[in-house]
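Colleague: These protein sequence lines map, in sequence, to chains X and D. Using the working numbering, you'd call the opening residue of the first sequence number 8 and step up by one each time. Using the working numbering, you'd call the opening residue of the second sequence number 8 and step up by one each time. For glycine and all other residues, C-beta sits at the position ideal for the given N, C-alpha and C.
2 protein chains.
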Amino acid sequence: MTHSEENYLKAIFHLGKMGSESVSTNAIADEMDTKPSSVTDMVKKLSEKGLLHYKKYQGVQLSGSGTRTALAVIRKHRIWEVFLVEKLNFSWDEVHEIAEQLEHIKSEELIDRLDAHLGFPKHDPHGDPIPSRDGKVKLSDKRLLTEAAINERGICVAVKDSSPSFLKFLDKNKIALGDQITILDKEEFDGSLEIQIKQRKMHISNEIASNLYVKMVEGS
Amino acid sequence: MTHSEENYLKAIFHLGKMGSESVSTNAIADEMDTKPSSVTDMVKKLSEKGLLHYKKYQGVQLSGSGTRTALAVIRKHRIWEVFLVEKLNFSWDEVHEIAEQLEHIKSEELIDRLDAHLGFPKHDPHGDPIPSRDGKVKLSDKRLLTEAAINERGICVAVKDSSPSFLKFLDKNKIALGDQITILDKEEFDGSLEIQIKQRKMHISNEIASNLYVKMVEGS
DNA sequence: CATAATATTTAGTTTAATCTAAATAATTGT
DNA sequence: ACAATTATTTAGATTAAACTAAATATTATG
Numbered sequence: 008m009t010h011s012e013e014n015y016l017k018a019i020f021h022l023g024k025m026g027s028e029s030v031s032t033n034a035i036a037d038e039m040d041t042k043p044s045s046v047t048d049m050v051k052k053l054s055e056k057g058l059l060h061y062k063k064y065q066g067v068q069l070s071g072s073g074t075r076t077a078l079a080v081i082r083k084h085r086i087w088e089v090f091l092v093e094k095l096n097f098s099w100d101e102v103h104e105i106a107e108q109l110e111h112i113k114s115e116e117l118i119d120r121l122d123a124h125l126g127f128p129k130h131d132p133h134g135d136p137i138p139s140r141d142g143k144v145k146l147s148d149k150r151l152l153t154e155a156a157i158n159e160r161g162i163c164v165a166v167k168d169s170s171p172s173f174l175k176f177l178d179k180n181k182i183a184l185g186d187q188i189t190i191l192d193k194e195e196f197d198g199s200l201e202i203q204i205k206q207r208k209m210h211i212s213n214e215i216a217s218n219l220y221v222k223m224v225e226g227s
Numbered sequence: 008m009t010h011s012e013e014n015y016l017k018a019i020f021h022l023g024k025m026g027s028e029s030v031s032t033n034a035i036a037d038e039m040d041t042k043p044s045s046v047t048d049m050v051k052k053l054s055e056k057g058l059l060h061y062k063k064y065q066g067v068q069l070s071g072s073g074t075r076t077a078l079a080v081i082r083k084h085r086i087w088e089v090f091l092v093e094k095l096n097f098s099w100d101e102v103h104e105i106a107e108q109l110e111h112i113k114s115e116e117l118i119d120r121l122d123a124h125l126g127f128p129k130h131d132p133h134g135d136p137i138p139s140r141d142g143k144v145k146l147s148d149k150r151l152l153t154e155a156a157i158n159e160r161g162i163c164v165a166v167k168d169s170s171p172s173f174l175k176f177l178d179k180n181k182i183a184l185g186d187q188i189t190i191l192d193k194e195e196f197d198g199s200l201e202i203q204i205k206q207r208k209m210h211i212s213n214e215i216a217s218n219l220y221v222k223m224v225e226g227s
């Protein structure tokens, strides 16, 4: 399994999770910053290896083994991210790039020991769940902040966009995972929100709210 | 800089250190388990990049920047080995392979933080010195055990051969870095040695002794 | 529903890294 | 010193992963 093949599987997995339909070549090309013709080539190869199902002009779907492989790569990526933040004190906006490289290191033993060393973390620094060794991902009942109603309360548990610019924005505005947020008001016009977060009130745009996941608190 | 290029520089550096003459294409091919013709190709490319000096039929020598690059890779390799042993409890015979992959991860910041996390180790688990960030390697006055005279005492500081089979042999025979060894007798016939190591006496072959580095103790 | 727009594939090229086989240079031994 | 051996390079082929441009299929629109 080459780095490139692993990256394709990962991209297809991510695209596939939202709407379990088949994933188009163009979507993959977009996601991976490559050309559709390159995708066609690779997809044929992965199909021959039994990692995905492909019929001309009809997109692709990961097979069982393709899904397992993708999850194994994602597991490595997220565990390495935890390591970088917890042990080497990187900030959460710096780790993605490095983890993109580390996720391709080939050694089951290594990732298992690293996992143990970190105390078997359940989530990466951006709140994304870490798949188990046998490829299970616990799906949580988190919702986007934009879907919460006025007066509802929730704990911020993950970010949807984990680009450095968004993460730095959150740092600058002292919004972190684990913080409790209450929706005070919603603006019809632009979908922006008035929220209460840890003792202070603030106003956030719809754009921000639509990239923050919260887990609702009972009885709010 | 590709993985392959880095591996070539590393191999050439290692070959060059013993006798600072130019390194032959065949020697590189041997070291890297590849064909001489492949080496010729790569050597031309590295030469065009200014990483080494190459004249047809006359072997190669690393340039300044080639040497710096090789040392940077070796530094990464050795720091990762320390991490694997110290933090993840791998044994010293398991780490080379994994470090061969980790040494190619591109991030100055990563290796500096890892170095700090490990307390700025000076040697890897096999006793090899870790080059400094600016490419300096402290050369020590260690000698092979075969070069020590009867009644001399030394501390075992490094291994020459760090193949798993040799390292496992040492483990099995309870010989570790840091142990004090005294030469009790030398056998003329086969060069084998009678040694005293930490409370016990043992007999070791010339083959073993010629792969163990010791640092002599004053007044022995 | 026919055509325009879009998506996808095919064909042919490129680059990096390797290989084999053949050619050529260097070295060794008598 | 010359022939034989060995080392090295050259030439041409291969594989993986890209790309561009052209061809073809699908989808959307008037």
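Over the uninterrupted beta strand (DSSP E) stretch that includes Glu154(X), give me the two end residues.
Modeller: Counting along the chain, Glu154(X) falls outside any beta strand (DSSP E), and DSSP gives it neither H nor E.
Colleague: Quick check on DSSP: helix, strand or coil for Thr189(X)?
Modeller: Strand.
Colleague: By the criterion of Cβ-Cβ separation under 9 angstroms, what are the contact partners of His124(X) in chain D?
Modeller: Neighbours of His124(X) on chain D, chain order: Lys94, Leu95 and Asn96.
Colleague: Under a Cβ-count criterion, where at least 16 other Cβ atoms within 10 Å of its own Cβ denotes burial, should Ala123(X) be classed as buried or exposed?
Modeller: Its Cβ having fewer than 16 others within 10 Å, Ala123(X) is exposed.
Colleague: Under 8 angstroms by Cβ, that's how I've got Val221(X) and Ala155(X) pegged, so tell me the actual separation to the nearest angstrom.
Modeller: 6 angstroms between Cβ atoms; contact.
Colleague: Using Cβ-Cβ distances below 8 angstroms, what residues of the segment 139 to 159 of chain X are close to chain D?
Modeller: Within the segment 139 to 159 of chain X, no residue has a Cβ that lies closer than 8 angstroms to any Cβ of chain D.
Colleague: Does Lys113(X) have its Cβ less than 8 angstroms from a Cβ in chain D?
Modeller: It does; some Cβ of chain D falls within 8 angstroms.
Colleague: What are the uninterrupted segments assigned as alpha helix (DSSP H) that are 4 or more residues long and contained completely in the segment 83 to 117 of chain X, given in chain order?
Modeller: Here the runs fully enclosed are 102 to 109.
Colleague: Val224(D) by DSSP, collapsed to three states: which one?
Modeller: Three-state result, Val224(D): coil.
Colleague: Using CA atoms only, rank isn't needed, just tell me which of His111(D), Gln203(D) and Ile188(D) is closest to Ile86(D).
Modeller: Per the Cα distances, His111(D).
Colleague: Verify the CB distance criterion: does Ile118(X) have a CB-CB separation below 8 angstroms to chain D?
Modeller: For Ile118(X), the answer is no, since every Cβ of chain D falls outside 8 angstroms of its Cβ.
Colleague: Is there at least one Cβ from chain X nearer than 8 angstroms to Leu22(D)'s Cβ?
Modeller: For Leu22(D), the answer is no, since every Cβ of chain X falls outside 8 angstroms of its Cβ.
Colleague: How many angstroms separate the CA atom of Val46(X) from the CA atom of Leu58(X)?
Modeller: C-alpha separation (whole angstroms): 14 angstroms.
Colleague: Considering only C-alpha positions, which residue in the set Leu125(D), Leu151(D) and Asp186(D) is nearest to Asn213(D)?
Modeller: The residue with the shortest Cα to Cα distance from Asn213(D) is Leu151(D).
Colleague: Any idea what DSSP makes of Glu201(X), helix, strand or coil?
Modeller: Strand.
Colleague: Taking all protein chains shown into account, decide if Phe127(D) is buried (16 or more other Cβ within 10 angstroms of its Cβ) or exposed.
Modeller: By the neighbour-count rule (16 or more Cβ atoms within 10 Å), Phe127(D) is not buried but exposed.
Colleague: Pick out whichever of Asn158(X), Asp148(X), Ala183(X) and Leu91(X) has its Cα sitting closest to the Cα of Glu107(X).
Modeller: For the residues Asn158(X), Asp148(X), Ala183(X) and Leu91(X), the minimum Cα distance to Glu107(X) belongs to Leu91(X).
Colleague: Name, in chain order, the residues that DSSP records as bridge partners for Ala165(D).
Modeller: Paired residues: Tyr220(D).
Colleague: In chain order, what residues of the segment 57 to 74 of chain D put their CB closer than 9 angstroms to some CB of chain X?
Modeller: Those would be none; no residue qualifies.
Colleague: Let's see if you can read the secondary structure: which residues bound the beta strand (DSSP E) around Ile211(D)?
Modeller: Its beta strand (DSSP E) spans residues Arg207 to Ile211.
Colleague: If His103(D) sits next to Ser172(D), beta carbons under 8 angstroms apart, how far is it from one beta carbon to the other, in whole angstroms?
Modeller: His103(D) to Ser172(D), Cβ: 12 angstroms. No contact.
Colleague: Quick one: which chain X residues come within Cβ less than 7 angstroms of Leu109(D)?
Modeller: Near Leu109(D) (Cβ distances below 7 angstroms), the residues of chain X are Ile112.
Colleague: Which whole-angstrom value describes the C-beta separation of Ser29(X) and Gln65(X), a residue pair presumed to lie in contact below a C-beta threshold of 8 angstroms?
Modeller: Contact flag correct, Cβ pair sits at about 6 angstroms.
Colleague: Applying the 10 Å Cβ sphere with the 16-neighbour rule, what's the burial state of Glu13(X)?
Modeller: The residue in question, Glu13(X), is buried, as its Cβ has 16 or more Cβ neighbours within 10 Å.
Colleague: For Ser139(D) and Arg82(D), I'd like the C-alpha separation in whole angstroms.
Modeller: Cα to Cα, the separation comes out at about 7 angstroms.
Colleague: Gln68(D) bridges to which residues according to DSSP?
Modeller: Answer by DSSP bridge pairing, in chain order: His60(D).
Colleague: Between Glu38(X), His130(X), Glu159(X) and Ile105(X), which lies nearest to Arg120(D) when the distance is taken from Cα to Cα?
Modeller: With distances taken between Cα atoms, Arg120(D) lies closest to Ile105(X).
Colleague: Starting from Ala183(D) and walking both ways along the alpha helix (DSSP H), at which residues does that stretch end?
Modeller: Taken as a continuous stretch (DSSP letters only), Ala183(D) belongs to no alpha helix (DSSP H), as it is neither H nor E.
Colleague: Return the CA-CA distance between Glu116(X) and Ala79(X), expressed in angstroms with no decimal places.
Modeller: Straight-line Cα distance between these residues: approximately 13 angstroms.
Colleague: Does any residue of chain X bring its CB to less than 8 angstroms from the CB of Ile86(D)?
Modeller: No, its Cβ sits nowhere closer than 8 angstroms to a Cβ of chain X.
Colleague: On the criterion of 16 or more Cβ atoms from any shown chain inside 10 Å, does Leu16(D) qualify as buried, or is it exposed?
Modeller: Answer is buried; the Cβ neighbour count reaches 16.
Colleague: Is the separation between the beta-carbon of Asp135(X) and that of Ala165(X) shorter than 8 angstroms?
Modeller: Going by C-beta atoms, Asp135(X) is nearer than 8 angstroms to Ala165(X).
Colleague: Quick check on Ile137(X) - is its C-beta less than 8 angstroms from some C-beta in chain D?
Modeller: Output row for Ile137(X): interface = no.
Colleague: Thr9(D) lies in the alpha helix (DSSP H); which residues open and close that run?
Modeller: Where Thr9(D) is concerned, there is no enclosing alpha helix (DSSP H), given that its DSSP letter is neither H nor E.
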